[in-house]
Ligand SMILES: [Ca+2]
Ligand SMILES: [Ca+2]
Ligand SMILES: [Ca+2]
Ligand SMILES: [Ca+2]
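Okay, structure coming up:
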């Protein structure tokens, strides 16, 4: 009831204030759409909430994003609680008494939202951690298969979302945390170590990383049939691209969960510090590049190709079945590595200048190559264009 009243009231506000949209400098800098007021690069109900907040000139008059969801543990050890870390991005102490944590955007501030106790403040540039067992667990629990955490407050019965962070399925005892790339993109990714109450660690990298993407091979090589992805094991031990699930017979395979369709065949592994190629067409790969000295798997499924504009390529390991009693039903996958590459000319995604190298997009035999396998992969600063070198 309150929600529909809220929406109707906001609509009036939206149309009467349409010329006064307070587009934030941060949103423009980040290349987010006009109308994105809470810096999440989406235009949705939360932005209307921000607009209403500005229009009504009610408390708290705190810009959204001042206090943020900074790190989340959603898959703790059996006896340890899950937790949510908040960070105060400002130089002022902020009173968050009566604010809410929730995992449901239909219920930001009511029955299943956790209300932060009175006299709760966060110091300038400080952290605060809320635990499942002593704080929010009676209201909601975090899913190890991934979901969204919302930080909100309520004014006059209306919810205002201050920040939200979506995260994927998590490995046991691995947190998701906020990480800002070289060009200012905010990522919420698996962390190398857990840091409740302090600055986040570097992202978790490996054991398997994407090191080369040949997305636009020359026509004389076979065009898209000569596409491939190179994977690299950065560890000093062999890594199996399959896992055992007690709920199903046999093993469950790793797969590309974004990009070309491909599930790794039975008992694939990558040797210590070794490489593996996944080719769109293994015959064309062999005739084009010869024997590269490492295993070459393929083809991509369903006729899929690597986009010549750019896309997200993501390799994942199997997580839990959504329903343990239905072994053939849907399953969560845990991201191991990904890169959202571009071809250097997608100005719609990168207003001004697309920073990705143009070389791989020229169909002249260059590919996109990771510079440092041990550093975070989903950042343009870690990629260059160079002559194809599959298998090394
Ligand atoms: Ca932290
Ligand atoms: Ca292509
Ligand atoms: Ca292109
Ligand atoms: Ca290579």
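In our numbering, the protein residues as written are 4 to 395.
Note that the Cβ used here is the ideal one computed from N, Cα and C, for glycine as well.
Note that the coordinates shown come from a computational prediction; the quantities given were computed from them, not determined experimentally.
Handout entry: Length-filtered (3 minimum) beta strand (DSSP E) runs lying within the segment 219–281
Key = Counting only runs of 3 or more, we get 231–236, 245–247, 254–256, 258–261.
Practice task
Kindly provide the chain-ordered list of residues whose Cβ lies closer than 7 Å to any non-hydrogen atom of ligand 2.
Solution key: What you get when you keep residues with a C-beta closer than 7 Å to any heavy atom of ligand 2 is 218, 219, 227, 230, 308, 309, 310, 311.
Problem - Beta-carbon contacts of residue 261 that lie in its chain and below 8 Å, excluding the five residues immediately before and after - result: Same-chain partners within the cutoff: 314, 315, 316, 317, 341.
Practice task
With a 10 Å radius around its C-beta and 16 neighbouring C-beta atoms as the bar for buried, classify residue 372 as buried or exposed.
Solution key: Counting Cβ neighbours within 10 Å, residue 372 comes out buried, since at least 16 surround it.
Handout entry: Contained beta strand (DSSP E) runs [length at least 3] in the segment 159–218, N- to C-terminal order
Key = Taking 3 residues as the shortest admissible run, the segment 159–218 contains the following complete beta strand (DSSP E) segments, listed from N- to C-terminal end: 161–170, 179–183, 189–193, 211–217.
Exercise for the section: Closer than 7 Å by C-beta to residue 196: which residues in its own chain qualify, once you throw out the five before and the five after it? Chain order, please. Expected result: Answer for residue 196: 204, listed in chain order.
Handout entry: Proximity of residue 125 and residue 119 at Cβ, strictly below 8 Å
Key = In this structure, residue 119 does not lie closer than 8 Å to residue 125 by Cβ.
Handout entry: Where the alpha helix (DSSP H) through residue 290 begins and ends
Key = In the DSSP assignment, residue 290 falls within the unbroken alpha helix (DSSP H) covering 285–292.
Exercise for the section: Report yes if the C-beta of residue 370 is less than 7 Å from at least one heavy atom of ligand 3; otherwise report no. Expected result: No, Cβ of residue 370 sits at least 7 Å from all heavy atoms of ligand 3.
Problem - Exposure label - residue 274; buried when at least 16 CB within 10 Å - result: Classification for residue 274: exposed.
Handout entry: Cβ neighbour criterion (16 or more within 10 Å) applied to residue 339
Key = Counting every other CB atom within 10 Å of its CB across the protein chains shown gives residue 339 a total of 16 or more, marking it as buried.
Problem - Beta carbon shell of ligand 1 at less than 7 Å from a heavy atom - result: Residues flagged by the Cβ proximity filter: 73, 74, 88, 130, 180, 198, 199, 200, 201, 202, 203.
Handout entry: Proximity of residue 245 and residue 256 at Cβ, strictly below 8 Å
Key = In terms of Cβ geometry, residue 245 and residue 256 form a close pair [threshold 8 Å].
Exercise for the section: Report whether the distance from the Cβ of residue 392 to the nearest heavy atom of ligand 4 is below 7 Å. Expected result: Yes.
Handout entry: Contained beta strand (DSSP E) runs [length at least 3] in the segment 93–171, N- to C-terminal order
Key = The segment 93–171 contains these whole beta strand (DSSP E) runs: 103–105, 130–134, 150–158, 161–170.
Practice task
Report yes if the CB atom of residue 167 is closer than 8 Å to the CB atom of residue 72, and no otherwise.
Solution key: Their beta carbons are under 8 Å apart, which means residue 167 touches residue 72 by this criterion.
Practice task
Compare the beta carbon distance of residue 183 and residue 189 with 8 Å and say whether it is the shorter of the two.
Solution key: Note that the C-beta distance between residue 183 and residue 189 is below 8 Å.
Exercise for the section: Verify whether the separation of the beta carbon atoms of residue 129 and residue 92 is less than 8 Å. Expected result: In this structure, residue 129 lies away from residue 92, with their beta-carbon atoms at least 8 Å apart.
Practice task
Could you pull out every residue in the same chain whose Cβ sits closer than 6 Å to the Cβ of residue 136, ignoring the five residues on either side in sequence?
Solution key: Only residues of its own chain outside the window of five on either side were considered, and among them 84 have a CB closer than 6 Å to the CB of residue 136, listed in chain order.
Exercise for the section: Return yes when the C-beta of residue 122 is under 7 Å from any heavy atom of ligand 3, and no when it is not. Expected result: No.
Exercise for the section: Could you tell me if residue 330 is buried or exposed, where buried requires 16 or more neighbouring beta carbons within 10 angstroms of its beta carbon? Expected result: It counts as exposed.
Exercise for the section: Indicate, with yes or no, if ligand 3 has a heavy atom lying under 7 Å from the CB of residue 346. Expected result: Correct: residue 346 has its Cβ closer than 7 Å to ligand 3.
Practice task
Return yes when the C-beta of residue 364 is under 7 Å from any heavy atom of ligand 3, and no when it is not.
Solution key: Yes, Cβ of residue 364 sits closer than 7 Å to a heavy atom of ligand 3.
Problem - Per DSSP, cross-strand counterpart(s) of residue 321 - result: DSSP lists 336 as partners of residue 321.
Practice task
With DSSP as the reference, label residue 392 as helix, strand or coil.
Solution key: The three-state secondary structure of residue 392, taken from DSSP, is coil.
Problem - Residue-chain proximity (residue 129, chain D), Cβ-Cβ < 8 Å - result: In the structure shown, chain D cannot be found, because there is only a single protein chain.
Practice task
Measure the alpha-carbon distance for residue 138 versus residue 117 and round it to whole angstroms.
Solution key: Distance between residue 138 and residue 117, taken at the CA atoms: about 8 Å.
Problem - Spatial neighbours of residue 144 in its chain, beta-carbon cut-off 6 Å, leaving aside the 5 residues before and after - result: Closer than 6 Å at the Cβ level, and outside the excluded window around residue 144, lies no residue.
Problem - DSSP beta-bridge partners of residue 304 - result: Beta-bridge annotation (DSSP): residue 304 is paired with 264.
Practice task
Note down, in chain order, each residue of its chain lying with its Cβ closer than 8 Å to the Cβ of residue 356, except the 5 sequence neighbours on either side.
Solution key: Within the same chain, residue 356 has close Cβ partners 350.
Problem - Extent of the continuous beta strand (DSSP E) run through residue 87 - result: Residues 86–91.
Exercise for the section: To the nearest angstrom, report how far apart residue 380 and residue 212 are at their CA atoms. Expected result: C-alpha of residue 380 to C-alpha of residue 212: approximately 8 Å in a straight line.
Exercise for the section: Mind checking who residue 3 pairs with in its DSSP beta bridge? Expected result: Past the edges of the chain, shown from 4 to 395, lies residue 3, and the structure says nothing about it.
Problem - Buried versus exposed, by CB contacts within 10 Å (16 or more), residue 263 - result: So residue 263 counts as buried.
Practice task
Tell me whether residue 214 counts as near ligand 4, meaning its Cβ is closer than 7 Å to at least one heavy atom of that ligand.
Solution key: Yes; taking the cut-off as 7 Å, the Cβ of residue 214 has a heavy atom of ligand 4 nearer than that.
Handout entry: Chain-order list of residues whose beta-carbon lies under 6 Å from that of residue 287 (same chain, five-residue window excluded)
Key = Correct list, in chain order: 225, 228, 229.
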